[in-house]
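Novice: Residue 138 in numbering that gives the first Met the number 0 sits at position 139 of the sequence shown, with consecutive numbering throughout. All C-beta atoms in this analysis are idealised placements derived from N, C-alpha and C, irrespective of residue type, glycine included. Predicted, not measured: the structure shown is a model, and the values here were computed from it.
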Amino acid sequence: MLERKQLDSVQKKKVKAISAMTGLPVCRPALYLKALRHRSLVAERNLAATESYEQLEFMGDAVLDLIVSEIIYKKFPEAGEGLLTQLRSRLVKGEMLAQIGRNIRLMDYIELGDRVKNQGVEHSESVLADAFEALVGAVYEDHGYEKCRDFVARLYRRYVDFDEMISARDNYKSMLLEAAQAKKMPAPVYRIVGESGPGHEKTFDVEVRVNDRVLGAGSGKNKKKAEQAAAQEALNILRNM
């Protein structure tokens, strides 16, 4: 195992940057160097295939699934399995992981073979996503689940707008509509039943009717959030009817 005293100046600089990025000490530097080593470099130097980030990517993929599941399970305690599954899928897909990778400047530390340097490989969505998963795998191997979870949760809180995600395509309103249609019921009808607070800090109260029956009510800082809250309550009731 490569120890810190065996690192060259470039590797020491990279390890220091990774420590600053993760907010954790680097106890096993070889893990992190491996997590950012692209397969092109491994092939070029005739290293074993296991010396690229692919093994740690595999580990990170599994750990991310669990961490993200825990995050959204706690953040949306009233959400059903369907919505939680949809949210997790969006939060761990390549596009999202690459976005986080860009935000933490992961492309600056990915080590490439000479033949692919200056081709922008380190900026590609797939490489950034894979490297981020590998980094998560390295943190998990170095520090265990709890510290890895805290690291990942910190990044998701900083770079992901959960409220925007929940109010996007896969939301409570669309799920309520689908559930009503599945039961041969008419489309839900939303109505504002109250407003409170000053103009710049209004709170809206909304009720939703399905088949002319009030099934849910909710409040929010804007109409959209209030409707989502009402739809969430109605969805739980409708599922048990």
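1) Let me check understanding here. Comparing Cα to Cα, which of 155, 189, 174, 36 lies closest to residue 91?
2) What do you reckon, are the CB atoms on residue 63 and residue 75 nearer than 8 Å?
3) Take the Cβ of residue 147 as the centre, count every other Cβ of all protein chains shown within 10 Å, and call the residue buried at 16 or more, exposed below.
4) Between the beta-carbon of residue 207 and the beta-carbon of residue 219, is there less than 8 Å?
5) Considering only C-alpha positions, which residue in the set 212, 174, 106 is nearest to residue 81?
6) Can you say whether residue 9 is buried or exposed, counting buried as having 16 or more other CB atoms within 10 angstroms of its CB?
7) Quick check: the stretch 217 to 234 against the stretch 187 to 195, are there 3 or more CB pairs under 8 Å?
8) Which runs of the alpha helix (DSSP H) at least 4 residues long sit entirely within the stretch 116 to 204? Give them in chain order.
9) Between which two residues does the beta strand (DSSP E) containing residue 213 stretch?
10) My output table needs one value for residue 241: the three-state DSSP class, helix, strand or coil.
11) To the nearest angstrom, report how far apart residue 204 and residue 217 are at their CA atoms.
12) Consult DSSP for residue 25 and reduce its assignment to one of helix, strand or coil.
13) Would residue 47 be called buried (16 or more neighbouring beta carbons within 10 Å of its own) or exposed?
14) Check each candidate in 144, 73, 232, 26 and name the one with the smallest Cα separation from residue 58.
15) For residue 227, does the count of other Cβ atoms within 10 angstroms reach 16, so buried, or fall short, so exposed?
16) Just to confirm, are residue 101 and residue 178 a CB contact at a threshold of 8 Å?
Specialist: The relevant details are as follows:
1) Ranked by Cα distance from residue 91, the options 155, 189, 174, 36 are led by 155.
2) no
3) buried
4) no
5) 174
6) exposed
7) yes
8) 124 to 142, 144 to 158, 161 to 165, 171 to 181
9) 212 to 219
10) This structure cannot speak to residue 241, because the chain is shown only from 0 to 240.
11) Taking the straight line from one Cα to the other gives about 6 Å.
12) Coil, per DSSP.
13) Under this definition residue 47 is an exposed residue.
14) 144
15) Answer is buried; the Cβ neighbour count reaches 16.
16) no
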